Each structure stands twice: as structure tokens, then as C-alpha cells.
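Asker: Quick one: the structure is below, and I'll ask about it shortly.
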Amino acid sequence: MAELCRKNKALVASLILFAGVLFSHREINRLYTLPFPPFRELLVKYTGMQDISFIVFGFRDLGADVAWVQLLQYVGGPSVFDEVSKKKFELVEYLTLRTTRIDPYFRQAYIFGASILGWIKVINRPDEALDVLDEGLKYNPKFWPLHMYVAGLGFKKKNEMGKMLEMLANAILDPDCPVTVKGIVARSYEEQKRYPEAIAIWKSILADERVSYYHAKARSEIFKLLRHSRMP
Amino acid sequence: MKVSVGVENLSLEIDQGEVFGLLGLNGAGKTTTIKLLLGLLFPTKGKVSIRGEAMPNLNILRKIGYLPEAAYINKYLTGREAVNIFAKLSKMPAQIRKKAVGDILEKVGMTAGADKKIGEYSKGMVQRISMAQALIHNPDILIMDEPITGLDPLAILEVRQLIMWLKSQGKTVFLSSHNISEVEKVCDRIAILTNGRLASVVSNQDWRDKEGRLEEIFTSTVKRTENIGPLKFS
Amino acid sequence: MDLEGLFAVIHYTLKEHIRNRVYLILVLFGGILIGSALIVSSLALDQQVRMILDIGLAGIEFIALMTVIFITVNLVLVEMETRSIYLILSHPIERWQYILGRYLGTIIALLLGMLAMAIFHLGTLFLEGWAWNISYLVSLGASMAKIAVIGSLALFLSLCTTSSASAMSFTAFLWILGHFTGELRFMAEKSANPITKFLLWVVQEVAPNFSYFNYRDFWQAVQTPPPGWFAWMTVYTLCYIGTALLLSSWLFSKREF
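Chains as they are written, first to last, in this note's numbering: chain A, 1306 to 1537; chain B, 141 to 374; chain C, 24 to 280.
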């Protein structure tokens, strides 16, 4: 046996090191569990193959980004503020949760999806918005804007628009707040005839170089609001 | 399944400073013998040893220079880099390595082309670098596998001169070949291999000054191993 | 222990890779991929920076993966086929030094390539207004460790199998399996059949768990790993690589040429 071990030193050493692999693996699992939902919670009805492929190839983050882009393409850009058929936005909750089930820490996706569901007039599905925000809070309990949006939705349901706008005004102070959400809040101010606050939001969008694709929309909204604010 | 014997029961005593030839037909076991000596092949039975040490032994390999039949050297390296790498592999001290590399490149006539990549070399140039790597570490024993196969007459002459120079330096040269005319010019003794077995060992006294004698000994000793019969045109 | 032979092999392997056009083309392609992220990321609206970050890190890893599989599988096979290995092994070098030297030279070349791509990626990110985060370095380091592990496995498989195509296929399979081990663990726990349970348990313990190397996926999680976890990950990585290399050395020591 000793002779066999001596002649196969490398093999014996590899077995010892492999014991180290097994032991360290145990410790790794004991100290930390990967913070992702299991595969069975992924939303796979339409794009399962795509999403699972990204994950098993090790590119979960990229998979979430592709899902995000598909959500944006579904919703459309600034045109989401135009009057459109409600039917077009049936899958907003699904696509939002699809994105966040891949990457539960994609906070802006929760905010975006919930805002579209909760505050776009022609959609107006606050319960779905709350479902999205609840899931966001499950994985990101310390992310304060989510709490703000939940509170805002609560006030909206009770028709306490002033308090709702107060919540949302704080929520959009997050530097990573999606520009669409800022537009939604500006529209909410407009509905309450609080034109200066609405204009201030559109001006902040205009000043943000990162969202230059929204500048044309912001300019037209500012002109419209200025006209409204001059009217008796 | 038919088992073929590569080499069997081969034991040779070679004196220091001797030029020893291993002669045999294709498939006789010459390259197999050399690979066994270098530790590239392992014996299925028994052991392979040089100077009493079982091969591969790193201390013995340090004293060996190997010149293969067709040298393949990493084509991304320059000639100088390749020789330097082999000098490092042979445990040559760093202080003397640079000068030694320059000297050996000059001796093999490759100073001009030393800084070109081996991928750009001709076959002859690669062979020169192969010689350089075999000699850079001043080995006691040179093992050459078919050193003149495929060479032009001028190159053959140069190889012969190299072997004679090595002999004059007291080096032991072990070469394999099936070129009788060259072997008889340089070797002190030769062993004839046939079907993986040692058929006979012949001293140069048996063929010196006797034209065609070595060929006679060789043809009478060997047996054809290949699955083809002899030509019948006589 | 005399390691001069090892360093000589590392040295020429590194030179070989850096001078190999395939390697340079792959690094260049990585740069193009990162640059194209600037265009593609415009689809992400205000998540542009996030997308550039993700495409960049994923792209660096993907290019390194393709390179490591292709290069490492052929690392020893090519020298065996061209017989240049005869000259190497006829010199006084231990076979394990040759294997380790070829592996280390390759990994060093790859890591340098990844670093070059990362520098370009960081430049792109800073231009887009990204704020520096040390987690980037940790993610890159974890990615490099992952590549080192898969590289060692590719080398081992190249010595086990008879063709480079099958070695590449098995390596790719291990890459995928390595990202699936979390699910295997869950399936093992839920399985009623004891044989299935045992087999799944064995596979998820033995297969490399690559999900843990994807620090870029969970650096923003509420709970990030404690420092001890990183220490154990280092042990895990080194033990895994060591096991694969020792097995490769053992196989190579039995190989005849």
C-alpha cells in the first residue's frame, strides 16, 4: 500500500486536496446562501428558455438586462403617457416580475413596473403594483424609495392625493429613479393642477444628460404646463 | 489481440568517448530504444537504466543531449529564446547562460537568424537550433536519432564533422541510423537490431579498410519485419 | 526544490500565447464587445450604465471562457502532436513542472488579457459617469478565479479524452453544470428516491459551484457574504485547481510519447 502511494503521489495528493474541496464547499454553503429565487419561481411562460439559458451559462445579470429591455420595448418609451388601449399593458406585471425574478436586486425595475401599473391613468392597476412592490421589499427591505411608493399607492387608493404626491416627491429623489417614474409623478402633479411642481420635475429631467432621449418630451410638457399655468 | 514487441532484452555497454551506432531496418526498434532511454516510453517489463540509474532520472538527463530525427520547436519563440529556454531546462546557471547561448548559436552558424521566430525558419535552420539545444549544456552523452535522414550531402558532411568533434572532446555519442555508409565512417562500434532484439555487436575493426564489409554483415544479420516481401528483380 | 524548469515553461508558454494571433484577436474582440455595449445599452433607457457594466463584465468573462477552453484543451495536445514535447521532456524537468508551467503560463496570459479588457471597460464606465465601487474589483477577481478553475478542468479533460473536441464539449458541460448546482442541491433535498437523492448530492458536491464566483450578481444584495466566506472561497478555488492539476500530472506521468 505504501509502495502504491509512493508511486502515485500525485493521485494521493489530489484526493487529499479534494477533501479540502468538499470541506470548504460545506463551509461556503453554511456561511452564505445565494440570495436568488430558485428556478421554479422564474416566470417561464413566454421566455423560459432564454432566461434559464442566461442563468446556466453564468450570465444572470445580462439575462436581467435583456428582460429589462424587453419590458421597456413592451411598455414603449415616452408614448406610455399617451392614451392607449389598456389591453396593451396586460403583461407589465408579468414582465416586471420576470425581470426581477432573474435579478431580485434590480430595484429600478420594481419602481418602473409599479409606477406604470399604479399611476398610468389608462392602466390603473394598483393591486398589481403593490404585488410588484411587495416582492421588491422582500428582497430589498432597506431600499427606502420602495416604501415611499407603497405609501403613495396607499394614499392614492384612499384618494388622499396631496399625501400621495408628498410621498412620491420624496421617492423620486433617489438618483437612480427611472425617468419614466419622474414623468408619472409630474403627470400626477398636473392632474392636481400643481403646475409649478410638475414643471420643476420636467426641468430636472431636461437637466439630466443621462436621459437625453426624454428631453424632447420634457420640453413639450414644460411648454404645455406653462400655457396651462397662464390660463385663468 | 496481437502483441508486438518493440524492444526486448537489450543490454549495451558503451565506453565513455565512444561513438556507438544502432543500426536496423525500419521498425527494428531503434527509435523505441532511444525513447526508452529518455523516458518518453516506459518498459512493459523490466527496467531501463543508464549508468545504473533507472530512467527517467533527472541527474542523468542533465548529462544527455538529444537530437531528434525531425525537430519540432515552439514556432512562436525566436531561435535565441528557444536555446535559452532549453539551457534553463538543463539547469544551466544564469551567470553563464547568456554567453553560452551566444557561443553555441555561433558554433551552429545561427547567429544571423537567431532573433527570427522559428516559424519563419527553413528545415535546415530548425535542425541547427535543434543541435544547439542538444549541445548548449555541454552534455557527456549525445543521443542522436537518425541524424542524417533527409539531409543534403553538405549537411551530412557537417553532421559527420560534428560527431568527430564531439568524439575529440571525449563525449559519448549514441546514434541510430539505417544509413550504413555514414555509420561505418563515424562509429567505433555498432549494434544491429532486428525485430526488437539485439542481433550482434560489431567493432569497426571488423569493417575498417574492408569495403562493403559492414553492409555484408548487416544484410546477413537482419530479418525483414514489415509486411512486404523483398523485391525480386535479380 | 529546483523550480527553474517550471519558470522556464511558464516563460515560454506566456510568450507563446501573447504572440499567438488567436489570443490577440480574442482580446481585441473583447474590446469591441465592450465598446458595442455603449450602443446596445441605449436600449436600456436610464439603466445604460448598469447595462454597460453588466455587458462589460459578462463580455470579459465570456471571451476569457472561450479562450481558456480553446487554448487549454490544446495546450499539451498540440505539443504532443507536433512532437515538440520530446525535446522538452528529454531535458531534466519533472513532468509535473511541465504541466503546472503550461497551466500557469496560460492562466497568467489570460488574466493579463482580462485585465486589459477591464481597463478599457472601466474607461468606458467612467466616461458614462459611473461611480467607482470596489465591488467591481471583487467581481473581476471572482471571474478570474472562475476562469482559473475551468482552465484547470479543461487541462485535465484534455489529458483524459482522446480528442480536443470532446474535451471542449465536456468542459462546456461542466461550465453549465457548475451554474446549476444550486438547483441540484434543491432537487436532492426534495427527492424521495434515495438513489436519485444520493447521486444528485454527489454531483452537486463534486461539480464546481460556479454560481458562487458570480459576485457581480449579488454584490447589491441586502446580505452580502461575510469575510470568512471569501476566505473559504479562496480555499475552495485553490483546492479545486490543485486537485485538477494533480490529477493532470498523474495522468501525464503515465503518458507515453
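For every residue, glycine included, the Cβ atom is placed at its ideal position computed from N, Cα and C. Every value quoted in this text rests on a predicted model; they were computed, and no experiment measured them.
1) Does the beta-carbon of V341 of chain B have 16 or more other beta-carbons within 10 angstroms, so that it is buried, or is it exposed?
2) Is it the case that the Cβ atoms of Y1494 of chain A and S1534 of chain A are separated by a distance below 8 Å?
3) How about A132 of chain C and K228 of chain B: do their beta carbons lie closer than 8 Å?
4) Helix, strand or coil, according to DSSP, for D155 of chain B in the structure here?
5) Under 8 Å, Cβ to Cβ, is there at least one residue of chain C near Y1444 of chain A?
6) Within 8 Å of any Cβ in chain C, is that where the Cβ of F1323 of chain A sits?
7) V91 of chain C CB to nearest chain A CB: under 8 Å?
8) So if I threshold CB-CB distances at 8 Å, which residues from the stretch 157 to 174 of chain C count as touching chain B?
9) Taking 8 Å as the limit between beta carbons, can you name the residues of its chain near C1482 of chain A, skipping five residues before and five after?
10) Which of the three DSSP states, helix, strand or coil, is assigned to V145 of chain B?
11) In the DSSP output, which residue or residues are listed as bridge partners for A194 of chain B?
12) Taking the DSSP output, what are the residues bridged to I258 of chain B?
13) With C-beta atoms as the reference, is A165 of chain C less than 8 Å away from Y238 of chain C?
14) Considering only C-alpha positions, which residue in the set C:T185, C:E104, C:S65, C:S181 is nearest to V91 of chain C?
15) At least one CB of chain C closer than 8 Å to the CB of F182 of chain B: is that the case?
16) Any beta-carbon of chain C closer than 8 Å to the one on P208 of chain B?
17) Taking the straight line between their C-alpha atoms, what separation do you get for L1458 of chain A and E1398 of chain A?
18) With D1439 of chain A as the anchor, note down where its alpha helix (DSSP H) starts and where it stops.
19) When the Cα of K1487 of chain A is compared with those of A:W1507, A:K1468, A:M1469, A:M1472, which residue comes out closest?
20) Is it the case that the Cβ atoms of L37 of chain C and G128 of chain C are separated by a distance below 8 Å?
21) At a CB distance below 8 Å, what residues from the stretch 47 to 63 of chain C approach chain A? Give them in sequence order.
22) Would DSSP call A210 of chain B helix, strand or coil?
23) Roughly how many whole angstroms lie between the Cα atoms of S374 of chain B and T171 of chain B?
24) Check whether chain A comes within 8 Å of W155 of chain C, counting only Cβ atoms and requiring the distance to be less than that.
25) So what does DSSP say about I174 of chain B, is it helix, strand or coil?
26) Thinking C-alpha only, which one of C:A244, C:L134, C:L145 is nearest G86 of chain C?
27) How is the beta strand (DSSP E) around L47 of chain C delimited, first residue to last?
28) For the stretch 304 to 320 of chain B against the stretch 178 to 196 of chain B, are there 3 or more C-beta pairs whose distance is under 8 Å?
29) On a CA-only basis, which of C:K277, C:H34, C:G174, C:W273 is nearest V1317 of chain A? Give me that one, please.
30) Can you list, in chain order, the residues of its chain with a C-beta nearer than 7 Å to that of A1369 of chain A? Leave out the 5 residues immediately preceding and following it.
Answerer: With the structure as the only source:
1) Exposed: under 16 other Cβ atoms inside 10 Å.
2) Going by C-beta atoms, Y1494 of chain A is not nearer than 8 Å to S1534 of chain A.
3) The answer is no: Cβ separation not under 8 Å.
4) For D155 of chain B, the secondary structure class from DSSP, reduced to helix, strand or coil, is coil.
5) Yes, its Cβ sits closer than 8 Å to a Cβ of chain C.
6) So, interface residue.
7) Using beta-carbon distances, V91 of chain C does not count as an interface residue toward chain A, since no partner is under 8 Å.
8) Residues: none.
9) Non-local beta-carbon contacts of C1482 of chain A in its own chain, meaning distances under 8 Å to residues more than five positions away in sequence, involve Q1413, I1416, P1450, A1476 in chain order.
10) In this structure, V145 of chain B counts as coil in the three-state DSSP scheme.
11) For A194 of chain B, DSSP records a beta bridge to B:S189.
12) None, per the DSSP bridge assignment.
13) With a cutoff of 8 Å on beta-carbon distance, A165 of chain C and Y238 of chain C are scored as near each other.
14) The residue with the shortest Cα to Cα distance from V91 of chain C is C:S181.
15) So, interface residue.
16) Using a Cβ-Cβ cut-off of 8 Å, P208 of chain B counts as an interface residue toward chain C, since at least one Cβ of chain C sits closer than that to its own.
17) The straight-line gap separating the alpha-carbon atoms of L1458 of chain A and E1398 of chain A is approximately 16 Å.
18) Residues 1431 to 1444.
19) Among A:W1507, A:K1468, A:M1469, A:M1472, the Cα nearest to that of K1487 of chain A is on A:W1507.
20) In this structure, G128 of chain C lies closer than 8 Å to L37 of chain C by Cβ.
21) Of all residues in the stretch 47 to 63 of chain C, none has a Cβ within less than 8 Å of some Cβ in chain A.
22) Coil at A210 of chain B, not helix or strand.
23) Answer to the nearest angstrom: the Cα atoms are 32 Å apart.
24) Taking a beta-carbon distance threshold of 8 Å, W155 of chain C does not count as an interface residue toward chain A.
25) Note: I174 of chain B maps to helix in three-state DSSP.
26) Contrary to the premise, residue 86 of chain C reads as Ile rather than Gly in this sequence. Nearest of C:A244, C:L134, C:L145 to I86 of chain C, Cα basis: C:L134.
27) Premise fails: L47 of chain C lies in the alpha helix (DSSP H), 44 to 63, not in any beta strand (DSSP E).
28) No, the stretch 304 to 320 of chain B is not in contact with the stretch 178 to 196 of chain B.
29) Ranking C:K277, C:H34, C:G174, C:W273 by Cα distance to V1317 of chain A puts C:W273 first.
30) Excluding sequence neighbours, A1369 of chain A sits near T1404, I1407, D1408, F1411.
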